[in-house]
Structures are given as structure tokens and as C-alpha cells.
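> One structure coming up, written as C-alpha cells, with questions to follow.
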Amino acid sequence: MAENSNKIETTVPPSELRLSNGGKMLQVSFEDGRAYDLTAELLRVESPSAEVQGHSAAEKRTVGGKLNVTITGIDPVGNYAVRLTFDDGHDTGLYTWEYLDRVGKNQKEIWTDYLERLSQFNLSRE
């Protein structure tokens with residue numbers, strides 16, 4: 020039983036979540052010094068929601084037109100995540116601490132992949 024409980028806590032909660040630049044940026048800071056500036060656009064187009072991610076990698080949706088999206092709300096979900104609300108009405112993604120950390124660590128690669136998918140599907144950021 021104790022082995023399972025270790026798997027639940029993969030990342031400690033951030034010490035701070037702060038919106039900046041009029042809701043276009045989420046600053047995520049952890050006690051150990053990890054800190055990320057994550058754009059609202061990136062968080063919206065890579066939302067962990069089933070609407071964006073689907074139920075398998077093959078179902079992942081490429082979302083265009085989110086260049087100017089902003090985050091309008093941050094609501095805690097238990098001790099493991101936040102629900103971000105965006106000005107386009109999207110609010111179904113639960114952004115776990117692990118997810119925010121992973122996106123922060125890999126944001127350049129994730130962003131490059133997103134831009135390639137936009138091009139592949141003839142979509143625009145605007």
C-alpha cells in the first residue's frame with residue numbers, strides 16, 4: 020500500500036502561480052528553484068483536457084487561432100492541480116503540478132511540435 024502512495028506524489032505543489040502580462044503569461048515557481056513562464060497560448064493549445072488531447076495520442080487535436088488568448092481564472096482542484104479558465108471559454112483542463120512541470124521543462128520542444136502541426140494542417144495562430 021505504501022508503494023502506491025509514493026507514486027501519487029510525483030511533484031510537489033508550486034510555491035507560486037502568478038498571472039502576468041494581462042493574463043497572457045502564467046508564472047510557475049517551485050520551492051526548489053524551478054520556475055517557468057508559460058504563455059496562455061501554449062497552455063490553451065496543449066490543454067490536458069480530453070477536448071484537446073483526445074483519449075489517445077492519435078486523437079490529439081491541433082487547435083489554431085489562440086495567439087491572443089488569455090487566462091481569466093485559476094481555480095484549485097484538490098491538492099494536485101488547477102483548472103485554468105481562458106477567455107475563449109475553455110475550462111475543462113486540469114493542470115496537475117506534474118503537467119505544469121513537464122510543460123515548463125519541455126516547452127521549447129512542445130512549441131516546435133505545435134508549430135509543425137499548425138503548418139501540417141494549414142492552421143494559423145491568429
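Note that the working numbering has the sequence shown beginning at 20, numbered continuously upward. Just so it is clear, CB atoms sit at the ideal spot from N, CA and C, and this is done for glycine as well. For clarity, every value in this text was computed on a predicted model and none was experimentally measured.
Measure the Cβ-Cβ separation of THR30 and GLU117 and say whether it is below 8 Å.
Here residue 30 refers to the residue found at position 11 when the sequence shown is read from its first residue. Here residue 117 refers to the residue found at position 98 when the sequence shown is read from its first residue. Their beta carbons are under 8 Å apart, which means THR30 touches GLU117 by this criterion.
> Taking only three categories from DSSP, how would you classify LEU62?
Residue numbering aside, residue 62 sits at position 43 when the sequence shown is read from its first letter. Looking at LEU62 - three-state DSSP - the assignment turns out to be helix.
> Can you tell me which of the three DSSP states GLU35 falls into?
For the purposes of this step, residue 35 is taken as the residue at position 16 of the sequence shown. Three-state DSSP puts GLU35 in a strand.
> Which residues bound the beta strand (DSSP E) around TYR118?
On the sequence shown, position 99 is the one that residue 118 refers to. Looking at the DSSP string, TYR118 is not in any beta strand (DSSP E); the run it does join, the alpha helix (DSSP H), is 116-124.
> List the residues that DSSP assigns as beta-bridge partners of ALA77.
Position 58 of the sequence shown, counted from the start, is the residue given in the question as residue 77. Answer by DSSP bridge pairing: none, since ALA77 is not bridged.
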